[in-house]
Structures are given as C-alpha cells and as structure tokens.
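2 protein chains.
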Amino acid sequence: MGQRSDTKEKMVQAAKQLIRERGYNATAFSDVLKLSAAPRGSVYFHFPGGKSQLAREAAEAHAHEQVAIIDRAADHAPSAARLVELYMDLGRDLMVNSGYGWGCGIAPLVTEGASQDSAEVGETSRRTFSEIVDRFAFHFVLLGVDRAEARVLADAVMAGVEGAMITSRALRSPAPYDSIRTVLVRYADAVSQKAASRKRD
Amino acid sequence: MGQRSDTKEKMVQAAKQLIRERGYNATAFSDVLKLSAAPRGSVYFHFPGGKSQLAREAAEAHAHEQVAIIDRAADHAPSAARLVELYMDLGRDLMVNSGYGWGCGIAPLVTEGASQDSAEVGETSRRTFSEIVDRFAFHFVLLGVDRAEARVLADAVMAGVEGAMITSRALRSPAPYDSIRTVLVRYADAVSQKAASRKRD
Chain D
126 MGQRSDTKEK MVQAAKQLIR ERGYNATAFS DVLKLSAAPR GSVYFHFPGG
176 KSQLAREAAE AHAHEQVAII DRAADHAPSA ARLVELYMDL GRDLMVNSGY
226 GWGCGIAPLV TEGASQDSAE VGETSRRTFS EIVDRFAFHF VLLGVDRAEA
276 RVLADAVMAG VEGAMITSRA LRSPAPYDSI RTVLVRYADA VSQKAASRKR
326 D
Chain B
126 MGQRSDTKEK MVQAAKQLIR ERGYNATAFS DVLKLSAAPR GSVYFHFPGG
176 KSQLAREAAE AHAHEQVAII DRAADHAPSA ARLVELYMDL GRDLMVNSGY
226 GWGCGIAPLV TEGASQDSAE VGETSRRTFS EIVDRFAFHF VLLGVDRAEA
276 RVLADAVMAG VEGAMITSRA LRSPAPYDSI RTVLVRYADA VSQKAASRKR
326 D
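If you read the sequences in order, they're chains D and B. Heads up: the first sequence begins at 126 in my numbering, then just goes up one per residue. Heads up: the second sequence begins at 126 in my numbering, then just goes up one per residue.
Structure below.
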C-alpha cells in the first residue's frame with residue numbers, strides 16, 4: 126500500500142509539474158509515467174477516471190501546496206501587507222528560477238476548456254481557487270483587516286498572481302510581479318490602517 | 126484579392142474566438158474552417174506556417190482589438206482611474222455575457238508551452254502583451270501620471286485583467302474583476318493626485 130501510494134503521489138506531482146509547464150492538453154499520460162518513473166499499469170489502477178482524474182488531483186495538490194505556502198508566510202507576517210509581499214516574492218523567485226517555465230497548476234484546466242467540458246473538472250477548478258482565496262482572506266482577517274475588505278484583497282491577490290504568472294512568462298521579466306505587488310501592498314496598507322484607526326476610536 | 130483577404134480575416138477571427146474559449150492545443154484547423162465557413166484549401170494557402178502562424182495572427186488580432194478598446198475608453202476617461210474603470214467594466218461585462226466562456230487570446234500560447242517551443246510564437250506573445258501594456262502606459266502618461274508610475278500601473282492592469290479572466294471563469298463570478306478593479310483604481314487615484322500636487326508645487 127505504501128509502495129502504491131508512493132507511485133500515485135509521484136504521478137500526481139509529475140502531472141502537476143507538466144501542467145504548470147505546458148498545460149493540460151499537452152500533458153500526456155506517457156510523459157507523466159516517464160517523469161515519475163511509474164510502471165504503465167499504474168495509469169488505470171491509480172486513475173480509473175483517466176486523465177481528467179489525474180489533472181483534478183494535480184490541481185488539488187497545487188492548491189494544498191499554495192495554502193501551505195500562505196500559512197508559512199503568515200507565520201512571518203505581522204501585517205496583511207507583509208503577507209502579500211512575502212507571497213508575491215516567493216512566486217516571483219520561483220518564476221525567475223524556473224526560467225519563466227512554471228505557471229499555475231489550475232489555470233490550464235480553465236483556459237483549455239476542460240472545466241467547461243467536464244462538470245467534475247469545473248468543480249475542481251472552482252473549489253481549488255476558492256480554497257486559496259479563502260485562506261488569504263482568513264489570514265487577512267486575523268491580521269486585522271475588515272472581513273469585506275479582506276475578501277476584496279484576497280480576490281485581488283489571487284487574480285494579480287495568476288495574471289503576473291502569465292505576463293511575466295510572456296515578457297520573460299519579473300516586472301509584472303513587482304508592479305502588481307506595489308499596487309496590492311498599497312491597498313493592503315490602506316485597509317490595515319483603516320482597521321487600526323477604527324479600533325482606536 | 127478582396128475575397129481571399131476576407132477568408133483569411135474570417136479564419137483569424139474564428140481562431141481567436143476558439144483560442145479564447147478552449148486554448149491553443151484544443152483548437153484544430155478543422156474547427157477554424159467550420160466556424161469561418163472557409164474552404165479546406167485555405168489552410169496552407171493563407172497560413173503556410175501552419176497552426177503556429179494562425180495562432181500568432183490570432184494573438185495579434187486580439188492585441189489590436191484590445192489597443193482599440195483602450196483608445197476608445199481613453200477618449201471618455203478624464204483620469205487614469207477612470208480609464209482603468211472603463212476598461213475593467215468592459216472586460217467584466219464581456220466575461221459575464223459570454224457565460225464565463227471567453228478568456229485571453231494570447232495567454233494560451235504562453236501557458237500551453239507554444240511560446241517556449243517556438244521562438245516565433247514566444248516573440249509574438251512578448252510583443253502582443255507589450256503592445257497592450259505600452260498603450261495603457263501611454264494613456265496614463267497623457268492623463269498626467271508620472272512615467273515610472275504609469276509603467277507600474279500599466280503592468281498591474283495587464284496582470285490584474287489576465288488573472289481576473291482566469292479566476293472569474295473558474296469561480297463563475299464577476300467578483301475577481303470587481304476586486305482587482307477596486308485595488309487598481311485606488312492606486313491610479315493615488316498616483317494621479319501625487320502628480321497633480323507636484324504640478325501645483
């Protein structure tokens with residue numbers, strides 16, 4: 126069982142990496158098997174739902190990873206603005222260090238129509254993005270931001286990071302990360318100060 | 126000649142629509158021919174460079190369309206903040222009215238690896254995104270924003286819109302547009318006021 130789970134986990138990680146690099150349709154089971162060094166029989170043993178199941182599990186793994194990164198960043202963030210900075214800087218460094226090769230592990234399911242063609246894939250895309258946005262909002266509230274403004278900031282961080290991943294790859298430049306970071310941090314500072322001054326009143 | 130150009134233009138528009146709906150790899154020449162009602166012989170007559178050429182021309186058409194939309198919005202915008210609002214609202218309405226079906230016509234070339242596999246596609250992705258960002262920056266400067274801050278705002282609007290297109294489709298909600306709009310407009314207002322007060326000094 127340990128062995129089997131290990132093979133499955135390696136395949137999910139390999140699928141996640143390939144989907145981040147080249148999207149959903151260009152990721153074949155044969156590439157996933159090669160990258161994970163898994164035996165061919167593993168495909169329908171571990172993923173009876175086929176490629177859609179593998180992609181859904183890869184998207185879930187990506188979301189869990191992002192939530193863990195957000196939690197770790199929040200441990201070191203005394204403010205909402207600092208959490209945004211830490212998260213954006215990690216994303217920026219990963220992008221530069223991957224040679225502008227790595228995008229999001231969920232976005233391709235949306236942009237390649239898989240989320241529209243399959244209700245299950247659509248539901249996974251919705252849920253995984255929601256998990257990440259909710260986690261940001263949760264920490265922003267803990268860090269003193271108003272609940273409604275925490276939602277706005279969380280939605281905006283998610284959209285900003287998704288977009289920066291695309292334009293930064295296209296332009297082969299970290300500038301989009303730096304620019305959207307500046308804009309998001311200014312907003313985070315403003316809503317934090319507003320919340321702090323309300324508390325003092 | 127008029128007839129031929131018309132067929133080519135229809136194919137480019139059809140390819141743009143399909144790429145926006147389902148990405149690059151899932152868009153087959155046969156689908157483009159069907160949607161544009163073009164004869165089969167048109168493919169290699171108009172696009173001797175194959176699908177990559179068709180996708181590059183579709184990305185260019187998408188960028189030109191966005192530049193025209195930005196110019197029209199700028200005609201009605203007395204400030205950088207208002208230009209951001211008008212552009213974001215058009216994108217939001219198009220997204221909602223398309224039933225969350227339409228994404229960006231350039232992003233799939235980046236996220237599906239086509240930009241990495243082909244130097245020509247990579248160059249098209251870079252140039253088309255640059256054209257849109259440069260146009261925003263141009264108008265922000267005309268509207269009184271500092272040159273450096275106009276670049277930051279333009280980069281951030283581009284990233285914000287790209288990301289909102291993805292998360293809004295995934296969540297089937299306009300909330301990401303509204304949230305990133307709030308954040309971008311606040312920044313645009315702040316840099317506009319700074320520029321205005323510097324001029325008064």
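Even for Gly, the Cβ is constructed at its ideal location relative to N, Cα and C. These figures come from a predicted structure and were not determined experimentally.
Check whether the Cβ atoms of residue i and residue j sit closer than 9 Å, and answer yes or no.
i, j, result
"Q241(B)", "G269(D)", "no"
"I231(B)", "L215(B)", "no"
"M213(B)", "P301(D)", "no"
"V235(D)", "G228(B)", "yes"
"D200(B)", "V277(D)", "no"
"E237(D)", "N222(B)", "no"
"A295(B)", "R251(D)", "yes"
"G285(B)", "V308(D)", "yes"
"A198(B)", "T253(B)", "no"
Please list, in chain order, all residues of the same chain as residue i whose beta carbon is under 7 Å from its beta carbon, the five residues on each side excluded.
i, result
"V310(D)", "A206, V209 and E210"
"K133(B)", "H171"
"V266(D)", "R272 and A275"
"R165(B)", "L158"
"A313(D)", "A205, A206, V209 and L278"
Helix, strand or coil for residue i per DSSP?
i, result
"A279(B)", "helix"
"E237(D)", "coil"
"S204(B)", "coil"
"A313(D)", "helix"
"S223(D)", "coil"
"F172(D)", "coil"
"M126(D)", "A caution first: M126(D) carries a pLDDT of 44, below 50, which makes its placement in the model too unreliable to give a value."
"S155(B)", "helix"
"R297(D)", "coil"
"D271(B)", "coil"
Smallest Cα separation from residue i: which of the options?
i, options, result
"Q138(B)", "A295(B), S298(B), G288(B) and A186(B)", "A186(B)"
"L143(B)", "D156(B), E134(B) and K133(B)", "D156(B)"
"A244(B)", "S204(B), S177(B) and A281(B)", "S177(B)"
"A202(D)", "A281(D), E274(D) and H264(D)", "H264(D)"
"A275(B)", "E256(B), S317(B) and R252(B)", "S317(B)"
"R181(D)", "K141(D), V266(D) and F261(D)", "K141(D)"
"D280(D)", "I291(D), A162(D), R260(D) and L296(D)", "R260(D)"
"M136(D)", "R145(D), R323(D) and K159(D)", "K159(D)"
"S293(B)", "T292(D), R297(D), G288(D) and S293(D)", "G288(D)"
"M220(D)", "S130(D), A315(D), E146(D) and A320(D)", "E146(D)"
"E248(D)", "I291(D), A184(D) and K324(D)", "A184(D)"
Roughly how many angstroms lie between the CA atoms of residue i and residue j, to the nearest whole one?
i, j, result
"V168(D)", "G175(D)", "7 Å"
"F154(B)", "P233(B)", "16 Å"
"R297(D)", "S255(B)", "11 Å"
"K319(D)", "S322(B)", "23 Å"
"Q191(B)", "R325(D)", "46 Å"
Using C-beta distances below 8 Å, list every residue in its chain close to residue i, excluding the 5 sequence neighbours before and after it, in chain order.
i, result
"M126(B)", "For M126(B), the pLDDT reaches just 44, beneath the cut-off of 50, and the residue's location in the model is therefore unreliable, although a value from the coordinates is still provided. Cβ within range, chain order: n/a, list empty."
"I305(D)", "M213, G285, V286, G288 and A289"
Using a Cβ-Cβ cut-off of 6 Å (strictly less than) and excluding sequence neighbours within five positions of residue i, which residues of its own chain qualify?
i, result
"A239(D)", "Y149 and V246"
"D196(B)", "none"
"S161(D)", "K135, M136 and A139"
"L66(B)", "Any property of residue 66(B) remains undetermined from this structure, which presents chain B solely from 126 to 326."
Check whether the Cβ of residue i lies closer than 8 Å to any heavy atom of the ligand GTP, and answer yes or no.
i, result
"H171(B)", "This structure does not include the ligand GTP; it has no bound ligands of any sort."
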